[in-house]
Amino acid sequence: MKFPKTYTLKEVSEIINTEFVGNSNFPIFGMNEIHVVEKGDIVFVDHPKYYDKALESNASVVLINKKVECPEGKALLISDDPFRDFNKLTHFFKPFKSASSSIAETAEIGDGTIIQPNTFIGNHVKIGKNCVIHANVSIYDNCVIGNNVTIHSGTVLGADAFYYKNRPEGFDKLLSGGRVVIEDNVDIGASCTIDRGVTGDTTIKQGSKLDNQIQIGHDTVIGQKCLIASHTGIAGCVIVENEVTLWGQVGVISGITIGKGAVVYAQSGVAESLEGGKTYFGSPATNARAKMKELATIKNLPSLLKNAKRNSK
Amino acid sequence: MKFPKTYTLKEVSEIINTEFVGNSNFPIFGMNEIHVVEKGDIVFVDHPKYYDKALESNASVVLINKKVECPEGKALLISDDPFRDFNKLTHFFKPFKSASSSIAETAEIGDGTIIQPNTFIGNHVKIGKNCVIHANVSIYDNCVIGNNVTIHSGTVLGADAFYYKNRPEGFDKLLSGGRVVIEDNVDIGASCTIDRGVTGDTTIKQGSKLDNQIQIGHDTVIGQKCLIASHTGIAGCVIVENEVTLWGQVGVISGITIGKGAVVYAQSGVAESLEGGKTYFGSPATNARAKMKELATIKNLPSLLKNAKRNSK
Amino acid sequence: MKFPKTYTLKEVSEIINTEFVGNSNFPIFGMNEIHVVEKGDIVFVDHPKYYDKALESNASVVLINKKVECPEGKALLISDDPFRDFNKLTHFFKPFKSASSSIAETAEIGDGTIIQPNTFIGNHVKIGKNCVIHANVSIYDNCVIGNNVTIHSGTVLGADAFYYKNRPEGFDKLLSGGRVVIEDNVDIGASCTIDRGVTGDTTIKQGSKLDNQIQIGHDTVIGQKCLIASHTGIAGCVIVENEVTLWGQVGVISGITIGKGAVVYAQSGVAESLEGGKTYFGSPATNARAKMKELATIKNLPSLLKNAKRNSK
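Taken in order, these protein sequences are the chains called C, V and L. For the first sequence, the working numbering assigns the number 24 to the initial residue and increments by one for each residue that follows. For the second sequence, the working numbering assigns the number 24 to the initial residue and increments by one for each residue that follows. For the third sequence, the working numbering assigns the number 24 to the initial residue and increments by one for each residue that follows.
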């Protein structure tokens, strides 16, 4: 998430009312969560276990709860609660705005695009040419949709990331300021939910086709020409490379990568990164052929055990 | 479900045109399904197998299809079809009313609460302060929502219980007259469905956070500070105690209890009550560590069997 | 999918600009996909592997990419791309029309039927008597709904089939021109998605009851008096016979048949046709009792293996 203009370290420190370490004119271009942070960005860290990761990341500014040594060429913002102050910044730069009509005046909609009745299109949404957005779709603020995209009824683009900090007084939500980006020639079925990125983008790349009732978590990237069948759920921060096929009711854990051209059979549970070009099955998902063999072995188990016993006599 | 005023046994018997046993002035305060019945309530029973349970329950009045002996201090309503007559009462006290506008005039909405476009809010719904109800949400009649609640697009609160009696001529629906109650500081993701209670409440207690596409059945109670990930389905009459975590695509059978602080891994199927404070996995769900061991054993089965065979020679 | 009037072979060949084999006056009544094709219909085939199946089907006209010998009493349409030209015909006979209001003027709605706010009802939809269509439902063009039907909020009837041809330049969608047909006394829960047929009907027969968040694929037929629990997903071209029960989160692969009265337990994956009157469990689903036994064996595996080893010493 880039700021609308370059801010100085001092200006940002005043927004969140914190001390800083570094040149007061140190330029800041944006803010991002650790998964997608870039040079010029602020990142936040509030647990000593992750201090090094944050300090050595691409981030130029680290919002941190200890006055550590500042890495060369970087700056620090010292806060007693970096999570709270990161939220303050998100709220400052991307405040939630209520909508006064079903289709926001600030939305841009390309030529030839059809918007069916009862669909909600939020502030600053951009939709390309020759799309069909069916009835009762909800598109939250700032989402970006390419050309020749079809979105079926009931689908929700841009709801908040499911991302909470467990505090003694209750769960504290990390505010979402990111976007959903749908590239050209994507089809999205009915009643899918695609959450926006926390600070970055949740992206569905060109030519991918999604069936109904699919869940895609925040900051996840679906590659080009993927096929995803209904009721499949993909958690946040997942990378699905190009030409992957996920059959129905598959679950994918957060933070992993599914390699190019991989095929995952229905009802599988993907609990670790999968190499491309192969076929997987099971919960947890493993090589499909090995899994089939395993299932056959289990089926024959009673007779196999009987044999083992008989042989032993 | 309490009646708007106290009714007498005679008055109720006239609504449903049945005989009664007891004092005609016997006071009746409400009606409830056996799971949630309280003193002063009517309960119904139509199978001899459950007569004792109903007669010994908290119910003060039993709507029953046999003239049994009346327990002391209680009353009976004798009907040839208690299911039909219980429905008649629900229809009498909570008739379905069509809505004339997206936001019912009788709905009460607290200060600072934002209702986004295309959202439906039914009759007598109460929403607290500082909530955000996003676009295309549907909230049926009589639902109650606390303060600081967020509900994302596509979510449906208060649809009917999935509860049918199998009659020779077809399934006969038990009418739903209950409510959905969402306490303070609850977040509900996009495209969730939370059914109302048959006569009581389906409740999500304070501080709990639900991801997208979650299904919660009638009369189920989700405790405080629970975390539920997407595509999880919980059947009716379940009790999920405080601080429970259910990961994605978990299924929970009706009528059971998940103890405080339990954690259930993704894609598990909970088929019986679970003790609190432990971690579970599998379908059916069992102790996670034992399940992991089991999975490892299965993976090694071919070599284990080979060894067993070799040793036996 | 029947044409609005009888067309001649020559007329159709001019619509799609192809050569034909047969009498130019050869009458054509409609077009259908291979699963549901009838006498008088056009079918398409573009792979030599399926030539015989198409030529020997009920179809009277075969749209094909090779000038094969024409079966007696039939006709051919010769195209370099039958998939593209079948789509051209669908587009010609069932063009997508945008809607100018939430309830299309051409929709027919029976007496006593209640349509709640924010519901979309497309062109030429027919809804019978005494139905309740709750808020935020989406019903696409040409769907047909019987009498005494209840449809809960968020449900989508008639979205497109998930059916693509994998071309070098990307997935090419087979256009859907079919319908969804809901018979009398059907209840459909909240946030279900029922796709229309490619050329035929997706049908839910009388008296069946669907819970929430259920997915039904194109051209699938659900028999009479079936019970389907939430989060169950049924792929396209499935036949579910009468009085079948599918519990929650079941998945059913495309093209199979589930026999009359079968019961499938929660989270099962149905990967082949199931005989009626029996109970099934597992992924892949198998006889429930055998599966339970298998699960028990697995649980006892460590001790069974230990015994086998001990015996062998």
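The C-beta atom is built at its ideal place from N, Cα and C for all residues, glycine as well. Just so you know, these numbers come straight off a predicted model, no measurement behind them.
C-beta atoms of residue i and residue j nearer than 9 Å
| i | j | result |
| --- | --- | --- |
| T222(V) | I237(V) | no |
| G397(C) | A308(C) | There is no way to answer for residue 397(C), as the model of chain C reaches only from 24 to 336. |
| N359(V) | D75(V) | The question about residue 359(V) has no answer here: the residues shown for chain V are numbered 24 through 336. |
| V244(V) | G274(V) | no |
| G145(L) | G181(L) | yes |
| D242(C) | V59(C) | yes |
| V203(L) | D234(L) | no |
| V35(C) | I51(C) | yes |
| A130(V) | N141(V) | no |
| G246(L) | G220(L) | no |
| V172(L) | S161(L) | no |
| D108(V) | K196(C) | no |
Unbroken beta strand (DSSP E) run spanning residue i, endpoints
| i | result |
| --- | --- |
| M54(L) | P50 to M54 |
| T29(C) | K25 to T31 |
| L198(C) | Element bounds for L198(C): n/a, residue is neither H nor E. |
| D64(L) | D64 to V68 |
| A98(C) | A98 to I101 |
| E42(V) | E42 to V44 |
| V203(L) | R202 to I205 |
| N189(L) | Y187 to R190 |
Minimum Cβ-Cβ distance from residue i to chain V less than 9 Å
| i | result |
| --- | --- |
| N55(L) | no |
| Q290(C) | yes |
| L324(L) | yes |
| K228(L) | no |
| N159(L) | yes |
| K90(L) | no |
| L327(C) | yes |
| T173(L) | yes |
| F304(C) | no |
| V155(C) | no |
Residue of the options minimising C-alpha distance to residue i
| i | options | result |
| --- | --- | --- |
| A285(L) | S277(L), L269(L) and V275(L) | L269(L) |
| G135(L) | I168(L), A127(L) and G151(L) | G151(L) |
| S231(V) | D207(V), D224(V), A213(V) and I239(V) | D207(V) |
| L340(L) | G212(L), E128(L) and D224(L) | Absent from the model: residue 340(L). The displayed extent of chain L is 24 to 336, so no value can be given. |
| G278(C) | G299(C), V287(C), Q290(C) and I262(C) | I262(C) |
| K32(L) | K316(L), E56(L), I65(L) and F109(L) | The sequence given here places Leu at residue 32(L); Lys does not occur at that position. Comparing Cα-Cα distances from L32(L) to each of K316(L), E56(L), I65(L) and F109(L), the minimum goes to I65(L). |
| N55(V) | K314(V), G305(V) and S199(V) | S199(V) |
| A311(L) | I38(L), A289(L), N323(L) and L324(L) | A289(L) |
| K62(C) | V44(C), E42(C) and K25(C) | K25(C) |
| N165(C) | A313(C), K188(C) and K117(C) | K117(C) |
| L112(L) | V167(L), K149(L) and G53(L) | G53(L) |
| D69(L) | K188(L), K316(L) and A313(L) | K188(L) |
| E295(C) | K301(C), V287(C) and T280(C) | T280(C) |
| G177(L) | R190(L), C215(L) and G271(L) | C215(L) |
| I38(L) | G45(L), H175(L), N110(L) and A82(L) | N110(L) |
Contact with chain C by residue i, beta-carbon distance below 9 Å
| i | result |
| --- | --- |
| Q247(L) | no |
| V221(L) | no |
| A313(V) | no |
| Q139(V) | yes |
| K316(L) | yes |
| P307(L) | yes |
| A258(V) | no |
| G212(V) | yes |
Extent of the continuous alpha helix (DSSP H) run through residue i
| i | result |
| --- | --- |
| L86(L) | Per DSSP, L86(L) belongs to no alpha helix (DSSP H); it is in the beta strand (DSSP E), V84 to I87. |
| K111(V) | P105 to F116 |
| Y74(L) | Y74 to L78 |
Cutoff 9 Å: residue i Cβ touching any chain L Cβ
| i | result |
| --- | --- |
| D218(V) | yes |
| G177(V) | yes |
C-beta neighbour in chain A for residue i, strict 9 Å
| i | result |
| --- | --- |
| P118(L) | This model lacks chain A altogether, as its protein chains are C, V and L. |
Run through the segment 289-335 of chain L for me and flag every whole beta strand (DSSP E) of 3 or more residues, listed as ranges in chain order.
If we require 3 residues or more, the beta strand (DSSP E) runs fully inside the segment 289-335 of chain L come out as 302-304.
Jot down the residue ranges of each uninterrupted alpha helix (DSSP H) in the segment 215-241 of chain C, minimum 4 residues, whole runs only, in chain order.
As far as the segment 215-241 of chain C is concerned, it has no whole alpha helix (DSSP H) run of at least 4 residues.
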